């Protein structure tokens with residue numbers, strides 16, 4: 017099963033994902049993304065600088081939480097969670113653990129949480145629990161989780177199969 021996170025105000029990306037799914041014979045299920053532009057804070061400390069970036073990070077955070085909840089609730093694993101700007105180059109084969117399908121590597125680790133695969137329901141539950149315990153960007157939390165759980169998280173063994181729209 018594959019879910020993709022999409023904002024209502026981005027029908028162009030919804031169309032793109034539906035076209036991509038058809039070309040790859042992939043059953044993509046849309047998850048309505050949380051729009052950080054309309055967010056009032058919900059307990060997060062608001063930074064003094066770069067509010068637009070902060071709202072985007074918050075929207076991404078809550079959207080991934082929502083997609084993880086759907087995957088856990090329906091208990092269909094392995095599953096992929098994609099952001100609506102993800103371009104897949106192939107359909108991945110499920111590998112044990114939590115697998116990055118796309119992103120980039122820096123000195124701090126793997127960033128770019130726009131495409132991820134969870135092998136089992138427990139993988140998704142473990143990460144969602146960790147995600148909810150940390151108030152930060154999804155990329156940063158995922159990188160911290162990867163470093164703390166090297167046995168559970170890895171990048172795709174054939175190299176990344178997903179890129180982001182530019």
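In our numbering, the protein residues as written are 17 to 182. Cβ atoms here follow ideal geometry from the backbone N, Cα and C, with glycine treated the same way. None of these values were measured; they are calculated from a predicted model.
Item to complete: Pick helix, strand or coil for residue 23, following the three-state DSSP scheme.
Response: Position 7 of the chain shown, counting from 1, holds the residue named residue 23. The three-state secondary structure of residue 23, taken from DSSP, is coil.
Worksheet entry | 9 Å Cβ cutoff met for residue 16 and residue 147 | Lying before the first or after the last residue shown, residue 16 is absent from the chain, which here runs from 17 to 182.
Worksheet entry | Distance between residue 79 and residue 42 (C-alpha atoms, nearest Å) | Working through the chain shown from its first residue, we reach residue 42 at position 26. Working through the chain shown from its first residue, we reach residue 79 at position 63. Approximately 21 Å between the Cα atoms of the pair.
Discussion item. At the level of alpha carbons, what is the spacing between residue 94 and residue 44?
Written reply: Mapped onto the chain shown, residue 94 falls at position 78. Mapped onto the chain shown, residue 44 falls at position 28. Just so you know, the alpha carbons of residue 94 and residue 44 end up roughly 13 Å apart.
Discussion item. The alpha helix (DSSP H) that contains residue 146, what's its start and end?
Written reply: Residue 146 sits at position 130 when you count from the first residue of the chain shown. Segment 137-149, the alpha helix (DSSP H) holding residue 146.
Item to complete: Assign residue 38 to one of three DSSP states: helix, strand, or coil.
Response: As a first step, residue 38 must be located in the chain shown, where it is residue number 22. Helix.
Worksheet item: Just how far apart, CA to CA, sit residue 139 and residue 168?
Response: One-based indexing of the chain shown puts residue 139 at position 123. One-based indexing of the chain shown puts residue 168 at position 152. Each residue's Cα considered, the two are about 8 Å apart.
Worksheet item: Going by alpha carbons, who is nearest to residue 85 out of 134, 31 and 129?
Response: By 1-based counting over the chain shown, the position of residue 85 is 69. The closest CA to that of residue 85, considering only 134, 31 and 129, is found on 134.
Practice prompt. Please name the residue in 81, 31, 48 and 171 whose C-alpha comes closest to that of residue 151.
Written response: Taking the first residue of the chain shown as 1, we reach residue 151 at position 135. Looking at the Cα atoms, 81 is the closest of the given residues.
Worksheet entry | Collapsed DSSP secondary structure at residue 171 in the structure displayed | Position 155 of the chain shown, counted from the first residue, corresponds to residue 171. If DSSP states are grouped into helix, strand and coil, residue 171 belongs with the strands.
Worksheet item: Alpha carbon to alpha carbon, what distance is there between residue 90 and residue 47?
Response: In the chain shown, residue 47 corresponds to position 31, counting from 1. In the chain shown, residue 90 corresponds to position 74, counting from 1. Rounded to whole angstroms, the gap between the alpha carbons of residue 47 and residue 90 is 13 Å.
Item to complete: Report yes if the CB atom of residue 36 is closer than 9 Å to the CB atom of residue 117, and no otherwise.
Response: Position 20 of the chain shown, counted from the first residue, corresponds to residue 36. Position 101 of the chain shown, counted from the first residue, corresponds to residue 117. Against a cut-off of 9 Å, the Cβ pair of residue 117 and residue 36 comes out as no contact.
Worksheet item: Out of curiosity, what's the CA-to-CA distance linking residue 29 and residue 53?
Response: Counting from 1 along the chain shown, the entry for residue 29 is found at position 13. Counting from 1 along the chain shown, the entry for residue 53 is found at position 37. One C-alpha to the other measures close to 18 Å.
Worksheet item: Just curious, the beta strand (DSSP E) that residue 47 is in, first and last residue?
Response: In the chain shown, the residue the question calls residue 47 occupies position 31. Here the beta strand (DSSP E) through residue 47 covers 44-48.
Item to complete: Tell whether a beta-carbon distance below 9 Å holds between residue 115 and residue 170.
Response: Taking the chain shown and counting its residues from 1, one reaches residue 115 at position 99. Taking the chain shown and counting its residues from 1, one reaches residue 170 at position 154. Yes, they are a contact pair.
Worksheet item: From what residue to what residue does the beta strand (DSSP E) around residue 97 run?
Response: The residue given as residue 97 occupies position 81 in the chain shown. 95-99 is the span of the beta strand (DSSP E), which, as asked, contains residue 97.
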